[in-house]
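Engineer:
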Amino acid sequence: MTRKLAALFVIACFFLGAGCAAVIIGAGVGAGTYTYLKGDLKRAYNAKFDKTLDVCLSIISDLNQPVLEKTTDGEQTTIRTERKDGSPQTIIVSISSLNWTEVAVRSGVFGYWKREVSEQFHEFIAERLKR
Numbered sequence: 000m001t002r003k004l005a006a007l008f009v010i011a012c013f014f015l016g017a018g019c020a021a022v023i024i025g026a027g028v029g030a031g032t033y034t035y036l037k038g039d040l041k042r043a044y045n046a047k048f049d050k051t052l053d054v055c056l057s058i059i060s061d062l063n064q065p066v067l068e069k070t071t072d073g074e075q076t077t078i079r080t081e082r083k084d085g086s087p088q089t090i091i092v093s094i095s096s097l098n099w100t101e102v103a104v105r106s107g108v109f110g111y112w113k114r115e116v117s118e119q120f121h122e123f124i125a126e127r128l129k130r
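This is how it looks when you write it as structure tokens:
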């Protein structure tokens, strides 16, 4: 069942990204599936929105990154922060469904995206949501 859900998610991401320079990376069903689009590294988590948002904020706090701006519209929260090296980082937490949340992480500046940093942030999220 999990494989079917992951396959459906990958197919949906493909069609949503059609016409764009999207690269879909399957890191395995257990590790999660990422979508990388124009600097944003996105992943869906099987967790409620509030829990996922709290995890993201606690990671930012643990990394001693200041929250420069936090905006929400009820379905999506955007957090702008700054890493220790001075580079910007944006985390967007969105409601996908009742028990699914999508997180997009963008690290670095236009043209110099730090994909490895975004992947690491996603690894932190996945680890903390397992607890």
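Heads up: the sequence shown is residues 0 to 130, going by numbering that gives the first Met the number 0. Note that the Cβ used here is the ideal one computed from N, Cα and C, for glycine as well.
Considering only DSSP beta bridges, list what residue 41 is partnered with.
Structural biologist: 34 and 103.
Engineer: In the DSSP assignment, the beta strand (DSSP E) including residue 95 goes from what residue to what residue?
Structural biologist: Residues 87-96.
Engineer: Can you tell which of 85, 72, 109 and 99 has the C-alpha that lies nearest to the C-alpha of residue 37?
Structural biologist: Checked all of 85, 72, 109 and 99; the closest Cα to residue 37 is 109.
Engineer: Our contact map puts residue 66 next to residue 80 with C-beta atoms below 8 Å; I'd like the distance itself, whole angstroms only.
Structural biologist: Rounded, the Cβ-Cβ distance is 6 Å, consistent with contact.
Engineer: What is the rounded straight-line gap between the Cα of residue 136 and the Cα of residue 100?
Structural biologist: Look at the range of the chain in this structure, 0 to 130, and you will see that residue 136 is not part of it.
Engineer: Have a look at 33, 34 and 43 and flag the residue whose alpha-carbon is nearest the alpha-carbon of residue 93.
Structural biologist: Answer by Cα proximity: 43.
Engineer: When we look at the beta-carbon of residue 41 and count the other beta-carbons within 10 Å, is it buried (16 or more) or exposed?
Structural biologist: Residue 41 is buried by the Cβ-count criterion.
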